[in-house]
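Here is the structure we will look at, set down as structure tokens.
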Amino acid sequence: MPARDAYKNRIELLQGTLDMLILQTLQWGPQHGHGIGQAIRAKSAELLQIETGSLYPALHRLEGKGWISAAWKTSEKNQKAKYYRLTPAGKRQLTQEQSRWRLMVRAIARVMKPV
Amino acid sequence: MTFFRRQRTDADLEAEIQAHLAIAIEERVERGESRAEASANARREFGNVALVQEVTRSMWGWSRLERIVDGARHAVRYNLATFRREPVSCVVMVLTLALILGGNITMFSSTNAAILRNRPGARHTERLVDFVHAVPDRMSEAGEFSQRAYLDYRERLTTLAGLAAYSTFDRTTLRTSDGAVDAARTASVSGNYFAVLEVTPAAGRFFTLDDDRKTAEPTAVIAYRIWQERFAGAPSAIGSSIMVNGRPFTVIGVAPKDFLGTSVWRDDIWIPLARDEKAEVYRVAASDWLGLVGRLKPGVSVETAQASVDVVTQNLERGSEPTGNVRILNRWYQGTEESTIAGLTALSVVGLLMACVNVASIGLSRALTRSREIVVRLALGAPRRAIVGQLLAETLVFFLPAVPIGAVLATWFVTENPYIDLDLRPDWRVLVFTLAVVFVAAIVAGLTPALQAISTKLTGGLNESSSGSGRKRQRLHHALIPVQVAASVALLAVGGLYYRTLHHLASNQGFDATGLHAAMLDFGISGLKSEEGRLLTRQLVPLMNALPDVESASLALGIPGTGTLYRRTGLWKPGQALVAGKPAMYAPLNIVAPGFLETMGIEVVRGRDFSDADREGTRQVALVSQGLARQLGFADTAVGRTIYSCAEAKCAAEIVGVVADSAALVRTEPVFYRPLEQQYSSDVYLVFRSTNPGAVISSTRQALKLLNPNVPILETLSVADGVRDAVFYQYIGFWSMAPLGLVTLVMAALGIYGVASYAVSSRMGEIGIRTALGARPGRVIGGLISHPLLMAAIGLAAGCACGLLFARSIPAEPGFYGVSYFDPATYACASLVVLAIVFLAGFVPARRAVASDPMLVLRHE
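Order-wise, the sequence lines are chains A and B.
First residue of the first sequence: 0, per numbering that gives the first Met the number 0; consecutive thereafter.
First residue of the second sequence: 0, per numbering that gives the first Met the number 0; consecutive thereafter.
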């Protein structure tokens, strides 16, 4: 059982982190799924590659929670795509996530710092 | 409402993904990739579209109902896709399921009609008992008693609340006031018959003891079917007049719909025993002709009643006592019928087992091919419950078309089956049974593989193609193969034994059935006196022989091999005390006209055939078959000896010839022949050999019209068909075992093919390396198929053992004739056939692997 719980935690951690990354990306303006994936990739210097199998479920989950909303729009290159944007609730969630993230980074850094 | 919203959302997701791909492709094209390249790369980068859709959809948070509908939609979509990909195997699978289901429903219907639905129409059947007594020289028991014995039992048995007697006519005609004449089955019954059985009339009333008197007005009860067909169910049927065998009866009542009588056959009309003209004849001869059914008094056990029956039996008047121990049974079917029904039931159970094994194997092989997909979905976080549900739903979708087809097949089997005259109409038991079978089979077929699939280790499953670690999950599938091989060997072997039996009977029947036909005449029902009947037979045979289409024609009481030769006679040897009921032996009796043996093609071995000179008033003569001569101890000296066919001096006859043995009912039996001129019979078969039977029958009809317009041809039959009917049990045994065996063999072969293909594909790399390093193809193939062959060998051994056990459990009568149940040649043949198919099924994929280019394979890896 412990092994299984550990496995579960890992998944949850990843999911939560992905949600935060998406919200963070959307704070610069509405973006479609492919654009979000590319943006995270570019910002992380190609270190983070978001699988579509994780990205789309996350987008739809966030939409279900009411943190982002979606609408079909035409891009500057005249391509139709579904654009996601932060809702006010999403903005509040993002600030919470940001402070929680800072807290966690500091905590982990302390643990990992060589004495 | 929700459904439409979902439709839109599905389409929306699809559009979203397409838009994603379009944008990704555009970006790649801008970066300088060709459009084709960009498209392929974008798609690869995106991954499995369907999987992404499914995982995304699972985030929508639907209601339970929506999830079920969605699951069903997916199951249907998946099955349609499977069907498009491999239509032949899908159709085969559905048809196999349908066939097995149909067979099961049919067999259960028979069991249901014969055993479970005990005496439909009667009440408190648990207190009804049938009387049977042992017959010397035969393995079976007989259910017929003399009238004297019946009356004694009825008066003296205090443990019974009532005892009824019945007798079924061989064939009768029914004429209603509208003039229509039809064949109908009539039973003569004692006045208390319906009261003892506690049957409630559908209309009118039933017999009382007063109706069962010679002085009473002739009355009749008709079956519900007759009431509907001939009287359109009108109440005016009660009190109307009908003619049974040309004699008038007044209809007093209608039996309820489900009441079919007390014999194996379905009765159409019941008349009082006192109105049965056989009664007088049989009373004088003290013959056994009445079936007895009694009702125990409340609180009396069968054992107690049996004790009182034993006491009464010992004190029966001499001459009227039964030939052997009397037993009472609280069961409808006894003796032959019972063992047949038991055989059918066993068959039904075997069929059901086979069905479950096959269905589970189908499900397993399907799950096996999809194990990777299942593992991927599990890895992506799809809930296990959802996957199990989906696999179950997919299996059910396969069952859905099989159920109606199976039901149609079963209905067809039941209605088109001319052999079993049981009431096979499905009732609630059949319905429940069918649903249970489908449910169990679907659960086994769907759940077993589903549970196996979700219990796998994720990483192992994902890596299996390179590591070959999926073998463990095949364990159940592997275990099924020996079972299937065993079942097919057993079924084919038993089918083979039936085939050998049929072949033996066909080649040893002692006469040639080709082109032989018969027409049934009954002078008695037309009211002819014996002199008139005799005259008619004398005129008819020469007329028939003069017809251009007729090769040869004659008359006989019964025709060998068709079950019409059922009358038996006791035989007394000279020097033996002539005591009634104590003959030296019993033998089937045939009463024939001169030329009968020639028409049938039965050889006269010694002495002579009957001639026109053997008439009434001349010396009484008889013929015996070789077997009978042997049994009587006459061996080669039978001709010229005297024999008695009853315990009186007037029944003495001189044996003038010995003829070859012929099949009486099914197998060769000793037969005693008497000339028709010296022992008159009012019912005879006109038998003739012709290539144009239709023309002969119509000419005969015209001739009869001139000779005596009151004598109709009651029935015509092809002797070859009659012979086939007589071997019905063996015939049905062969035709149920052999196809079932073949279906199982196909399943086993598919299973082995699947296992071998799997083994080959998972070891493609290894095979490639070995072949590239110069391993001989024979060795590689040997290594690949040694495992399937080992499984098959285990199955073969087990199958032969099961076949032996199964064959031994089949009752001797009607079982295998002319071949032993452990006949080694039959088992060897069945094993060889199975082994050959199994070898082929394993060899084909192995051969393909060895033949493939090793470099190509390795590069693919």
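Quick reminder that beta carbons are idealized off the backbone N, C-alpha and C, glycines included.
Predicted, not measured: the structure shown is a model, and the values here were computed from it.
State yes or no: is the C-beta of residue i within less than 7 Å of the C-beta of residue j?
i, j, result
"L272 of chain B", "S145 of chain B", "no"
"V253 of chain B", "A202 of chain B", "yes"
"M519 of chain B", "L706 of chain B", "no"
"G514 of chain B", "A662 of chain B", "no"
"L542 of chain B", "V683 of chain B", "no"
"V849 of chain B", "P776 of chain B", "yes"
"A41 of chain B", "A23 of chain B", "yes"
"I480 of chain B", "I751 of chain B", "yes"
"V301 of chain B", "N324 of chain B", "no"
"T641 of chain B", "A651 of chain B", "yes"
"R247 of chain B", "S240 of chain B", "The sequence given here has Pro at residue 247 of chain B, not Arg. It is a contact, given that the beta carbons lie within the stated cut-off."
"V198 of chain B", "G142 of chain B", "no"
"Y192 of chain B", "V311 of chain B", "no"
"S189 of chain B", "A219 of chain B", "no"
"P559 of chain B", "F609 of chain B", "no"
"R27 of chain B", "A37 of chain B", "yes"
Closest to residue i by C-alpha separation, out of the options, would be which residue?
i, options, result
"Y826 of chain B", "B:T561, B:Y497, B:V90", "B:Y497"
"D287 of chain B", "B:E36, B:E531, B:L208, B:G569", "B:G569"
"R537 of chain B", "B:P481, B:Y679, B:A662", "B:Y679"
"A49 of chain B", "B:V540, B:E372, B:G781, B:A492", "B:E372"
"V439 of chain B", "B:A41, B:L100, B:A409", "B:L100"
"K79 of chain A", "B:L542, B:A14, B:N589", "B:A14"
"R846 of chain B", "B:E154, B:L803, B:G767, B:C801", "B:G767"
"M736 of chain B", "B:G102, B:M58, B:V325, B:A39", "B:G102"
"L831 of chain B", "B:P708, B:R688, B:V484, B:P573", "B:V484"
"Y730 of chain B", "B:G693, B:A231, B:N244, B:T500", "B:T500"
"A505 of chain B", "B:A18, B:L289, B:V658, B:R723", "B:R723"
"T24 of chain A", "A:I67, A:L102, A:S98, A:A108", "A:I67"
"V540 of chain B", "B:S551, B:E530, B:Q52, B:L749", "B:S551"
"F398 of chain B", "B:G732, B:R27, B:T433", "B:T433"
"G32 of chain A", "A:L58, A:Q97, A:G15", "A:L58"
"I221 of chain B", "B:R174, B:K581, B:A797, B:A392", "B:R174"
Using the Cβ count rule (16 or more neighbours within 10 Å means buried), how would you classify residue i?
i, result
"V374 of chain B", "buried"
"D511 of chain B", "exposed"
"P669 of chain B", "buried"
"S644 of chain B", "buried"
"N78 of chain B", "buried"
"D11 of chain B", "exposed"
"M0 of chain B", "Its pLDDT being 38, under 50, M0 of chain B is placed unreliably in this model, and the value from its coordinates should be taken loosely. Result: exposed."
"G589 of chain B", "At residue 589 of chain B the sequence reads Asn, which differs from the Gly that was named. That one is buried."
"S624 of chain B", "buried"
"V407 of chain B", "exposed"
"R700 of chain B", "exposed"
Given that residue i touches chain B, what residues does it touch there, using C-beta distances under 7 Å?
i, result
"G32 of chain A", "E15, H19"
"R60 of chain A", "M58"
State yes or no: is the beta carbon of residue i nearer than 7 Å to at least one beta carbon in chain A?
i, result
"T55 of chain B", "yes"
"I22 of chain B", "yes"
"F805 of chain B", "no"
"G31 of chain B", "no"
Along chain A, in chain order, which residues have C-beta atoms closer than 7 Å to that of residue i?
i, result
"A401 of chain B", "Here the premise fails: no neighbours, minimum Cβ distance about 36 Å."
"A850 of chain B", "Correct list: empty, because the minimum Cβ distance to chain A is about 38 Å."
"E25 of chain B", "K76, Q78"
"G46 of chain B", "E50, T51, G52"
Is any beta-carbon of chain B found at less than 7 Å from that of residue i?
i, result
"Q78 of chain A", "yes"
"K64 of chain A", "no"
"G89 of chain A", "no"
Quick one: which chain B residues come within Cβ less than 8 Å of residue i?
i, result
"R81 of chain A", "The sequence as given places Lys at residue 81 of chain A; Arg does not occur at that position. Neighbours of K81 of chain A on chain B, chain order: D11, A14, E15, A18."
"P29 of chain A", "Residues of chain B passing the Cβ test: none, with the nearest at roughly 14 Å."
At 8 Å on the CB atoms, spell out the chain A contacts of residue i, in chain order.
i, result
"L50 of chain B", "G52"
Name, please, each residue of chain A whose Cβ falls closer than 9 Å to the Cβ of residue i.
i, result
"A385 of chain B", "Within 9 Å Cβ-Cβ: nothing; A385 of chain B doesn't reach chain A, min ~14 Å."
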